[in-house]
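Okay, so here's the structure we're looking at.
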Amino acid sequence: MDKKEDKIFNEPRKTFMEILKVNNSEVPFANVLAFFFRPNENHKLGTLFIDSLLETKFTNICKHKNEEKPQEVLNYDKKSVKVIVEQKTKKKNRIDILIISNTFVICIEFKINHNLNNPLDDYTEYIVKEFDEKQKFYFILTPYKKEAIEKNNDFKQIILRHFINRVKQKIEENPTTFETNEKYDYFLDFVQTVENREIRSIRNIFLEELKNDLLIKKVKSEYHKNINGGFLEINKENYKLKVRFTKLGIQIEKWVKKDSNIIYQPNKELKKEILIDTIINL
């Protein structure tokens, strides 16, 4: 396995958002984002989230325009910033996050798990009519690239983890700029939630690919998702095999009734072909 994917073996620490089971819900997630987008909140991070968003590379959601570049640095009065969640348009649609300042407006469609089937044209029409004099930015903020059902050239797509990485990078570049207090724990928990999503996503992709590769070898398996990234279950004649991730690497377990034994020790350097051969021969 590629060393750059070693993060797949990190055991995700369950966060407060995950305990409340809102880490996959768009409105609660958007409310947390809105908290950090508000410069005058008591998190003491100022305009960090707004500036980081504008500095994160984006991809145009239309295939014929696939350029990636950050936005320009803006001048604005942080005291003028207002952040609204679920802003209604004239047609009764809802903009997930709307950031308004004295010089610009940012429209964010926050999309976690669902397809990108939102009325983007209605959002842009609303913004143009309501904020004609301000500079306008339109973003799709999502954990992974999505193809829009309704095409709109104004909207740019930003990957959530890229955005959070830019936030962390700015803190590392200016460690004395941001005052930490008890609310900083909210920030750390939020960042951990985003990073956990990435870990589970990588695990999901790997196990789904392994499932398909096994099926080519005429070995049926079932992928069970859970908070830790899940496991692959293979039914043998008199027992089951379970393939899962641990902090040491990929582990194969032999299950007979309710008893289990580790029959393949974790290995971070394990190649998928070797893993398939091992499963077939067990």
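Under numbering that gives the first Met the number 0, the sequence shown has 146 at position 147, and the numbering climbs by one with no breaks.
The beta-carbon is built from N, C-alpha and C at its ideal position, and this holds for glycine as well.
Other residues of its chain near residue i: CB distance less than 6 Å, five sequence neighbours each side excluded
i: Phe15; result: Asp188
i: Asp131; result: none
i: Ala29; result: Val84, Asp95, Ile96 and Phe109
i: Val31; result: Phe189
Residues near residue i by beta carbon distance below 7 Å, same chain, minus five either side
i: Tyr75; result: Ser100, Asn101, Thr102 and Phe103
i: Thr265; result: The sequence shown places Pro at residue 265, not Thr. Excluding positions up to five away in sequence, the list reads Thr245, Leu247, Gly248, Ile249 and Gln250.
i: Arg165; result: Ser51, Glu54 and Thr55
i: Lys81; result: Ile99
Neighbour-count burial assignment, residue i, 16 or more Cβ in a 10 Å radius
i: Leu274; result: buried
i: Leu140; result: buried
i: Leu19; result: exposed
i: Leu214; result: exposed
i: Thr192; result: buried
i: Val242; result: buried
i: Asn23; result: exposed
Rounded distance between the beta-carbons of residue j and residue i, thought under 8 Å
i: Phe154; j: Tyr137; result: 4 Å
i: Phe36; j: Ile94; result: With a Cβ gap of about 13 Å, Phe36 and Ile94 do not count as contacting.
Within 8 Å, strictly: CB atoms of residue i and residue j
i: Asn92; j: Pro118; result: yes
i: Phe34; j: Glu40; result: yes
i: Asn195; j: Pro11; result: yes
i: Lys216; j: Ile279; result: yes
i: Lys239; j: Phe8; result: no
i: Asp262; j: Leu281; result: Note that residue 262 is Ile in the sequence shown, not Asp. Against a cut-off of 8 Å, the Cβ pair of Leu281 and Ile262 comes out as a contact.
i: Thr46; j: Lys77; result: yes
i: Val127; j: Ile163; result: no
i: His42; j: Phe186; result: yes
i: Ile204; j: Phe57; result: no
Close-in-space but distant-in-sequence residues of the same chain around residue i (CB under 8 Å, 5 per side omitted)
i: Arg160; result: Pro142, Val193, Glu194, Arg196 and Glu197
Three CB pairs or more closer than 8 Å across the region 203-211 and the region 220-230:
yes
Under 8 Å, with one C-beta from each stretch per pair, do the region 75-92 and the region 153-173 reach the 3-pair mark?
Contact fails: fewer than three Cβ-Cβ distances are below 8 Å.
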